[in-house]
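If you read the sequence shown in my numbering, its first letter stands for residue 128, the second for the next number, and so on. Working notes for the structure below.
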Amino acid sequence: MFLGMVVVLSLVFIVVRVVVSKPPSEVKLAEIPAGEYDPAVWGRFYPLEYESYRKNLDMAASPTGYGGSLKVQHSIKQKEILMNFKGMAFSKDYTEDRGHPYAMEDIKGTKRITSMSPGACMTCKTVHLIDIYRDMGWKYAKAPISELFPKIKHPIVCANCHDPATMSLRIVNPAFIEAMQKKGIDVKKASREEMRSYVCGQCHVEYYFEPDTSKLIFPWDKGFHPEEIYNYYAGKPFGFEQDWIHPDSQAKMLKAQHPEFETWSNGNHGKAGVSCADCHMPYMREKGQKYTSHWVSSPMKYAEASCRPCHSESVEWLLGRVKTIQNNVWQLQHTAGTTIARAHDVIKKVSAYSRVDLTELNRARELVRKAQWYWDFVAAENSMGFHNPAQVLNILGQSIDLAYQAIETANRAGGTNF
Ligand code: HEC
Ligand code: HEC
Ligand code: HEC
Ligand code: HEC
């Protein structure tokens with residue numbers, strides 16, 4: 128009797144798991160015209176997806192204590208940001224990211240942007256990229272962003288990810304298509320599973336602007352690892368050498384931008400084929416209907432739906448694992464950041480001396496450039512290491528070592544002891 132119950136329960140469990148991991152049945156297609164970008168109009172036909180999309184407007188902290196959707200300045204908890212980004216826009220304003228509907232409001236509001244900033248800056252903020260790129264080609268990238276604002280009404284909406292006629296997932300950012308092409312990948316031939324991460328990879332990535340044209344390029348020719356990307360930049364692609372020169376150390380610096388896609392792709396989940404959507408857009412059930420949640424936020428706000436289809440441990444246990452990873456990463460990130468800040472300062476002090484070995488001093492500058500690239504690759508990534516704990520901790524360890532090497536080398540250059 129008892130054994131019988133166990134068998135029945137196990138069967139039920141297996142069936143539930145299979146059903147949970149399967150996509151909702153056939154979507155009933157609506158006739159939405161190609162240029163219709165208003166999510167409320169799409170919502171008339173796809174109400175469950177639309178209602179969950181509207182939850183992206185919620186602003187709340189995350190149960191992990193990191194991430195979250197509150198617009199707080201990172202420099203409050205990480206003073207080293209002010210030193211390490213001295214002389215460039217990220218020292219003026221650098222807030223936590225929040226939901227997709229805020230993308231246009233936040234880019235218009237940030238002190239990092241002026242009316243003359245390149246149009247390329249709005250690539251990942253709005254659906255109107257589709258028409259702007261169709262009409263102007265890459266020329267839009269160099270146009271002052273204020274010239275493009277009148278063409279823009281909606282932020283990141285349904286049409287960013289969906290073809291309105293078929294509702295299948297699509298890529299609209301030409302920089303992603305070109306970067307993947309260079310790696311020999313035709314995104315038009317991507318599987319449904321791959322598209323569940325590619326749609327996010329159009330925006331949640333490291334990039335740079337080609338000098339002269341401001342064309343948006345993803346630096347992936349050598350691979351997704353921070354060292355491979357560093358080596359790519361060392362080749363001065365299209366004449367691009369640095370994002371800015373640090374005013375204290377005079378080092379030629381690189382700024383990393385939210386490399387979620389790159390970090391995830393080398394991690395355990397990425398390698399196991401767990402997509403961004405698996406965790407950030409889990410399946411939900413309402414009124415007997417199964418659908419994909421379009422509340423794209425910290426998965427720990429809805430961990431039961433995000434993690435439990437694969438992990439049988441309790442939500443509390445999983446949250447504990449995530450917090451442990453993030454606390455470890457936070458500690459090393461902070462150590463790396465503050466040591467780098469010291470390195471900029473030491474190089475500055477040494478360079479004021481008249482009898483300095485300039486070759487050594489330039490070596491110190493190269494070392495702080497690399498140390499900061501490694502630190503920033505983690506700090507600018509939004510998961511506090513969760514997407515790839517092993518790689519992130521390794522890179523932070525190297526960053527701390529490089530920062531101390533920069534300090535030592537600068538002191539050798541000046542015969543000093545700062
Ligand atoms: C950031 C990208 C993104 C945005 C923006 C987006 N979706 Fe989706 N949508 C997805 C993904 C990913 C899936 C899962 C598709 C799959 O697995 O094939 C999906 C699935 C769907 C489906 C199929 C049924 C289901 O629930 O799985 C519908 C319908 C849908 N979305 C409607 C919408 C509507 C309406 C909006 C705007 C309010 C929207 N989507 C905005 C990424 C997005
Ligand atoms: C068109 C570009 C674009 C696409 C496509 C896109 N994102 Fe985003 N995402 C952004 C931007 C920009 C922000 C920050 C918005 C802000 O802070 O105003 C953001 C914010 C987020 C956040 C933070 C939300 C919060 O509550 O803190 C998460 C999580 C996220 N995106 C995940 C995803 C996932 C997963 C996908 C794919 C299913 C995806 N994004 C697709 C550009 C994009
Ligand atoms: C195995 C699950 C999982 C996968 C797969 C995954 N993420 Fe995450 N993601 C997380 C967790 C957990 C966090 C940390 C959230 C927190 O601290 O509250 C996170 C954080 C984020 C954040 C910051 C959210 C915030 O609250 O500010 C962004 C943005 C993001 N992920 C994007 C992506 C993208 C893009 C992909 C695919 C390339 C991806 N994630 C793949 C679980 C996942
Ligand atoms: C689609 C299946 C799937 C989903 C969804 C998923 N995981 Fe995983 N998870 C895996 C696999 C596969 C591994 C690696 C192999 C293993 O350890 O069994 C893994 C490993 C882990 C690890 C070990 C450390 C690491 O990074 O490898 C943690 C912690 C973890 N997952 C937490 C989470 C959390 C938290 C969520 C929800 C936000 C989540 N997972 C969602 C499949 C999944």
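All C-beta atoms in this analysis are idealised placements derived from N, C-alpha and C, irrespective of residue type, glycine included.
Local Cβ density within 10 Å of residue i, reported as buried at 16 or more and exposed below that
i: Asn-211; result: buried
i: Val-199; result: exposed
i: Asn-521; result: exposed
i: Ala-230; result: buried
i: Gly-328; result: buried
i: Leu-488; result: buried
i: Met-186; result: exposed
i: Gly-194; result: buried
i: Val-135; result: Note that Val-135 scores 48 on pLDDT, short of 50, meaning its location in the model is unreliable; the coordinates nonetheless yield the value given after this. That one is exposed.
i: Met-243; result: exposed
i: Phe-351; result: buried
i: Thr-241; result: exposed
i: Ala-361; result: exposed
i: Trp-444; result: exposed
i: Thr-536; result: buried
i: Glu-320; result: exposed
i: Glu-274; result: exposed
i: Phe-90; result: Since the first and last residues shown for the chain are 128 and 545, residue 90 lies out of range.
i: Lys-310; result: exposed
i: Phe-485; result: The question names Phe, yet the displayed sequence has Leu at residue 485. The residue in question, Leu-485, is exposed, as its Cβ has fewer than 16 Cβ neighbours within 10 Å.
Cα-Cα separation between residue i and residue j, rounded to whole angstroms
i: Ile-452; j: Val-154; result: 38 Å
i: Val-473; j: Lys-497; result: 16 Å
i: Ala-404; j: Met-427; result: 14 Å
i: Gln-518; j: Gln-308; result: 26 Å
i: Glu-232; j: Ser-196; result: 14 Å
i: Gly-512; j: Gly-524; result: 13 Å
i: Pro-190; j: Ser-425; result: 9 Å
i: Arg-435; j: Phe-345; result: 34 Å
i: Ala-530; j: Ala-540; result: 15 Å
i: Val-146; j: Ser-433; result: Interpretation of Val-146 is limited by its pLDDT of 40, a score under 50 that renders its predicted location unreliable; the figure taken from the coordinates is listed afterwards. Going by the C-alpha atoms only, they are around 15 Å apart.
i: Tyr-164; j: Met-249; result: 16 Å
i: Gly-246; j: Glu-178; result: 31 Å
i: Pro-282; j: Gly-170; result: 16 Å
i: Asn-544; j: Arg-490; result: 17 Å
i: Lys-266; j: Arg-448; result: 47 Å
i: Asp-412; j: Thr-462; result: According to the sequence shown, residue 412 is Arg rather than Asp. In a straight line, the C-alpha of Arg-412 is about 44 Å away from that of Thr-462.
i: Trp-500; j: Leu-381; result: 6 Å
i: Arg-225; j: His-385; result: 13 Å
i: Lys-475; j: Ile-356; result: 27 Å
i: His-421; j: Ala-167; result: 14 Å
i: Phe-367; j: Lys-213; result: 20 Å
i: Tyr-335; j: Asn-538; result: 33 Å
i: Pro-338; j: Pro-228; result: 30 Å
i: Thr-237; j: Glu-508; result: 19 Å
i: Met-128; j: Ser-439; result: For Met-128, the predicted model reports a pLDDT of 47, less than 50, meaning its position is unreliable; a value from the coordinates is still stated below. The straight-line gap from Cα to Cα measures roughly 26 Å.
i: Lys-398; j: Ile-372; result: 36 Å
i: Arg-144; j: Gln-416; result: Model confidence at Arg-144 stands at a pLDDT of 42, short of 50, so the residue's coordinates are unreliable and nothing is read from them.
i: Pro-206; j: Ala-378; result: A small fix is needed here, since residue 206 is Lys in this sequence, not Pro. Whole-angstrom Cα-Cα distance: 20 Å.
Which residues DSSP lists as bridging residue i, in chain order
i: Glu-440; result: DSSP lists no partner for Glu-440.
i: Pro-271; result: Pro-245
i: Tyr-193; result: Answer is none; Tyr-193 lacks a bridge partner.
i: Tyr-418; result: Met-411
i: Leu-343; result: Phe-336
i: Gln-200; result: Thr-222
i: Trp-371; result: Met-380
i: His-281; result: In DSSP, His-281 forms no bridge with anything.
i: Leu-296; result: His-289
Identity of the residue in the options nearest residue i by Cα
i: Arg-469; options: Ala-247, Ser-392, Pro-409 and Asp-528; result: Asp-528
i: Ala-479; options: Gln-499, Val-495 and Ser-376; result: Ser-376
i: Gln-503; options: Ala-517, Leu-459 and Ala-540; result: Residue identity check: residue 503 is Asp in the sequence provided, not Gln. Of the listed residues, the one whose Cα sits closest to Asp-503 is Leu-459.
i: Asn-395; options: Arg-261, Lys-238 and Asn-515; result: Asn-515
i: Tyr-429; options: Ala-157, Ser-526, Leu-156 and His-407; result: His-407
i: Glu-389; options: Lys-206, Trp-347 and Gly-226; result: Trp-347
i: Ala-286; options: Gln-416, Pro-160, Ser-481 and Ile-356; result: Pro-160
i: Ile-259; options: Asp-290, Gly-162, Glu-443 and Tyr-325; result: Gly-162
i: Val-401; options: Gly-415, Gln-416, His-373 and Cys-437; result: Cys-437
i: Thr-222; options: Val-254, Lys-315 and Ser-202; result: Ser-202
i: Phe-217; options: Val-505, His-331 and Arg-239; result: Arg-239
Proximity test, residue i beta-carbon vs ligand 6 heavy atom, cut-off 7 Å
i: Arg-482; result: The ligand content of the structure shown is limited to ligand 1, ligand 2, ligand 3 and ligand 4, which means ligand 6 is not among them.
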